[in-house]
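Enquirer: Structure below; questions to follow.
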Amino acid sequence: MQLKLSNIRIPVGSKDGLKATVCRQFGIRMEDMQDFRVVRQAIDARKRNNVVFDYQVMVTLPEQYQRLVDQAGVSVWQPPVEVVYPRWRGTHRPVVVGFGPSGMFAALYLARCQARPIILERGERIEERKLSVAAFLNHRTLNIRSNVQFGEGGAGTFSDGKLNTNVHSEYNTFILNEFYKHGANEDVTYMQNPHVGTDYLEKVVRNIRLEIESLGGEFHFNTTFVDFRQEGSLLHLQCDPDIALVTEHLLLGLGHSARDTIRQLHAHGLLMEPKPFSMGVRIEHLQRNINRMQYGAAARLLPPASYKGVVHLKERSVYTFCMCPGGTVMASASEPNSIVTNGMSERSRDKANANSALLVNVTPEDYFHNSPLDGLAYQEKYERMAFEVAGDYRAPGNLVGEFLQNRIARQHRSVTPSYPHGIVYCDFNRCMPDYVVESLRESIPLMDRKMRGFADPDAVMTGVETRSSSPVRILRGNDRQCVVKGIYPMGEGAGYAGGIMSAAIDGLKTAMATMNNPF
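The numbering used here puts the first residue of the sequence shown at 1351, with every later residue one more than the last.
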């Protein structure tokens, strides 16, 4: 008999073991536990004078413990959904464009179905991509085809690798277990806010690629999907460099930065609609202050703390996103003469600063005029304005203290900016819409009421963050095909995901949908 036991709470610093606590709380003899596995671990710091670990466990017990099912915190264990792999019945091999999270899990599923997918990725393999990213971070030499946004693993590879499961899907456990199987630490399968870390993501994406190749998958790196023409059920694909492919199933995991491809697809008649996105800055605090803010005296016994905040203003919402404890602010441009910021951290999360996106919602009413692609132009406009502040890849910035007083800082104080190219202190109205700047200024003191210390006058704000999500959605039907039959938009770039987990799940489900349309 397998049971799930919940509400197992152990004070931080306690010497009580988890198994011993379970036995004592539920009246179980240690020797009767045939199997024992942690399925969830969280930190409850709502009372900073009593911070506790909160666990759920799965345990296998003899039938004599059937009596436990009636107790609070006990339920019969429901195993996660099993993914099955029917044999591919299509005449042609499926083609997957993009090897970010949606493309990875779509290709992995199709490979296990013996479909021998062909994967097109405009960027490089992770080994070469790391060198291109380093060249930009260290020498400002931008490779427009392979960078923080493009290349094996997608934009998430150079991030914190957060696997937060805000999306409620029966496939959450499957995705988490696949990350673990391919090289992530085991705790990603049970932590409340799991993260892989940039240094481990490199290994994960490589191992997924190797499995796909072992099953007959074929990769074309440094290859951009350019165009297509349709003849009956066949799609004739044109790529750069000159590769011609024919398929009946084209899965588009483009990523939110593949603006050229999205524009080409729109010109081909794929139906699209504008959608909301967000714009703002990266805000950096000293990690030790965030630890103290979240955990109080227990901070010395706990891993680096994260936070999550939202403020609802009269007309806008301002929220934190992609918080990276012990991380750095990344230079994430994929186009020349533009500034894009993001955050990243390694598995250890051991850098001095914490950083998070601090974003204001942008609606289609803010940018939509004639075309559903107007949001792309809106992003580009402010990314280029940010570049023009310094005329190079230094980012516009300010300190919270001066920003709230509508002044411009001269230099940093206790928080050293981590953005690799340096920052230029300026008025953010030079590179962001007025409503974004004013919403940020109004929200920070309100955020500080919920998280004391958030409005630290020494905290650094670095702009601009524009690519938390796509401003356009490629419309698709219930069968996940767009108006052109055989084309399956998926993931963040198509407007159906907002993070690694949701994109991976969308890619998996899209690949499953192709099995229902073998042609």
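Cβ atoms here follow ideal geometry from the backbone N, Cα and C, with glycine treated the same way.
According to DSSP, is residue 1751 helix, strand or coil?
Expert: In the structure shown, residue 1751 sits in a helix (DSSP, three-state: H, G or I).
Enquirer: Taking the alpha-carbon positions, what's the residue 1737 to residue 1658 distance?
Expert: Rounded to whole angstroms, residue 1737 to residue 1658 spans 29 Å at the Cα level.
Enquirer: Would you kindly report the start and end of the unbroken alpha helix (DSSP H) that includes residue 1643?
Expert: 1637-1645 is the extent of the alpha helix (DSSP H) around residue 1643.
Enquirer: In terms of residue numbering, what span does the alpha helix (DSSP H) encompassing residue 1531 cover?
Expert: Residue 1531 -> alpha helix (DSSP H) spans 1522-1531.
Enquirer: Would you call the region 1585-1603 and the region 1764-1781 touching, i.e. three or more CB-CB distances under 8 Å?
Expert: In short, these stretches do not touch, since the Cβ pair count stays below three.
Enquirer: May I have the straight-line CA-CA distance separating residue 1362 from residue 1400, to the nearest angstrom?
Expert: Roughly 8 Å separates the two Cα atoms.
Enquirer: Grab the span of the alpha helix (DSSP H) containing residue 1562 for me, first residue to last.
Expert: Looking at the DSSP string, the run of the alpha helix (DSSP H) that includes residue 1562 is 1548-1564.
Enquirer: Hey, out of 1640, 1534, 1460, whose CA is closest to residue 1511's CA?
Expert: Selected option, being the one with the closest Cα: 1534.
Enquirer: Taking only three categories from DSSP, how would you classify residue 1481?
Expert: Note: residue 1481 maps to helix in three-state DSSP.
Enquirer: What runs of the alpha helix (DSSP H), each 4 residues or longer, lie entirely inside the region 1723-1778?
Expert: Counting whole runs of 4 or more residues, the region 1723-1778 contains the alpha helix (DSSP H) stretches 1724-1740, 1750-1754.
Enquirer: Do you know whose CA, among 1430, 1829, 1666, 1514, lies nearest residue 1521's CA?
Expert: Per the Cα distances, 1430.
Enquirer: Opposite residue 1390 in the DSSP bridges: which residues?
Expert: BP columns for residue 1390 point to 1406.
Enquirer: Terminal residues of the continuous beta strand (DSSP E) containing residue 1861?
Expert: Residue 1861 -> not in any beta strand (DSSP E); alpha helix (DSSP H) instead, spanning 1850-1864.
Enquirer: How far does the alpha helix (DSSP H) with residue 1683 in it extend, from its first residue to its last?
Expert: Residue 1683 -> no alpha helix (DSSP H), and no H or E assigned at all.
Enquirer: Is residue 1864 closer than 9 Å to residue 1679 when the C-beta atoms are compared?
Expert: Contact flag unset, no.
Enquirer: Going by beta-carbon coordinates alone, are residue 1545 and residue 1513 separated by less than 9 Å?
Expert: Their beta carbons are under 9 Å apart, which means residue 1545 touches residue 1513 by this criterion.
Enquirer: Three-state secondary structure (DSSP) at residue 1831?
Expert: In this structure, residue 1831 counts as coil in the three-state DSSP scheme.
Enquirer: Once the 5 residues before and after residue 1455 are set aside, which same chain residues still bring their CB inside 6 Å of it?
Expert: 1854, 1857, 1858, listed in sequence order.
Enquirer: Return helix, strand or coil for residue 1375, following the three-state DSSP convention.
Expert: Note: residue 1375 maps to helix in three-state DSSP.
Enquirer: Distance check for residue 1398 and residue 1648, CA to CA, integer angstroms please.
Expert: Each residue's alpha carbon lies about 8 Å from the other.
Enquirer: Only counting the same chain, and skipping five residues up and downstream in sequence, which positions put a Cβ closer than 7 Å to that of residue 1392?
Expert: Within the same chain, residue 1392 has close Cβ partners 1404, 1542.
Enquirer: Buried or exposed for residue 1806, going by 16 or more other Cβ atoms inside 10 Å?
Expert: Per the 10 Å Cβ criterion, buried.
Enquirer: With a threshold of 16 other CB atoms inside 10 Å of the CB of residue 1861, please say whether the residue is buried or exposed.
Expert: Per the 10 Å Cβ criterion, buried.
Enquirer: With 16 other CB atoms within 10 Å as the buried threshold, where does residue 1826 fall?
Expert: So residue 1826 ends up on the buried side.
Enquirer: Which class does residue 1614 belong to by DSSP, given the choice of helix, strand or coil?
Expert: The answer is helix: DSSP assigns residue 1614 an H, G or I state.
Enquirer: Touch check for the region 1411-1423 and the region 1378-1396: three-plus C-beta pairs under 8 Å?
Expert: A contact exists between the region 1411-1423 and the region 1378-1396.
Enquirer: Nearest to residue 1590 by CA position, among 1369, 1684, 1682, 1470, is which residue?
Expert: Here the closest residue by C-alpha is 1470.
Enquirer: Could you check the C-alpha separation between residue 1845 and residue 1569 for me, to the nearest Å?
Expert: Distance between the alpha carbons of residue 1845 and residue 1569 is about 25 Å.
Enquirer: For residue 1646 and residue 1683, I'd like the C-alpha separation in whole angstroms.
Expert: Cα-Cα distance, rounded: 37 Å.
Enquirer: On a Cα-Cα basis, can you pick out the residue from 1605, 1691, 1786, 1610 that is closest to residue 1847?
Expert: Closest by alpha carbon: 1605.
Enquirer: Based on Cα-Cα distance, which residue from 1635, 1728, 1653, 1769 lies nearest to residue 1703?
Expert: The candidate whose alpha carbon is nearest that of residue 1703 is 1635.
Enquirer: Who does residue 1707 pair with in a DSSP beta bridge?
Expert: According to DSSP, which records beta bridges pairwise, residue 1707 is partnered with 1632, 1671.
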